[in-house]
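Engineer: First the structure, which I've put down as structure tokens, then a few questions once you've had a look.
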Amino acid sequence: MPREAFERFRALVLREPELQARLRDVQDPAAFLELVVRLGGERGCHFTSEEVRAVWQEARRTWFERWP
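Structure, rendered in structure tokens:
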């Protein structure tokens with residue numbers, strides 16, 4: 001399932017400073033998404049940019065709902 005694959009990749013990023021640095025250096029949102037998908041795939045975590053956007057939108061919505 002793509003959601004689980006993305007969560008595995010996110011956990012990898014949290015553990016690997018080199019991945020964090022590579023992602024942090026990207027300024028363009030489209031290029032960032034492309035890099036996330038590529039780096040995830042290289043590590044066996046397969047998902048699409050649309051799936052990443054959906055996860056981000058859900059997280060953003062959840063964050064905003066916490067504040068009245």
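Residue numbers for the sequence shown follow UniProt numbering, so the first one is 1 and each next one is one higher.
Where a beta carbon is used, it is the ideal one built from N, C-alpha and C, also for glycine.
Report, in whole angstroms, the separation of the C-beta atoms of Arg22 and Cys45, which I expect to be a contact under 8 Å.
Structural biologist: So it is not a contact: roughly 15 Å between Cβ atoms.
Engineer: Below 9 Å between beta carbons: does that hold for Ala11 and Phe47?
Structural biologist: For Ala11 and Phe47, no; Cβs fall outside 9 Å.
Engineer: Using 8 Å for Cβ pairs, my map puts Val13 next to Leu19. What's the rounded Cβ distance?
Structural biologist: About 5 Å; that satisfies the 8 Å criterion.
Engineer: Output needed for Ser49: all residues of its chain with C-beta closer than 6 Å, excluding positions within five of it in sequence on either side, in chain order.
Structural biologist: Contacts found: Leu33 and Val37.
Engineer: Expressed to the nearest angstrom, what Euclidean distance is found between the alpha-carbon atoms of Val52 and Arg24?
Structural biologist: Rounded to whole angstroms, Val52 to Arg24 spans 16 Å at the Cα level.
Engineer: Where does the unbroken alpha helix (DSSP H) through Arg24 begin, and where does it stop?
Structural biologist: From DSSP, the alpha helix (DSSP H) with Arg24 extends over Pro17 to Arg24.
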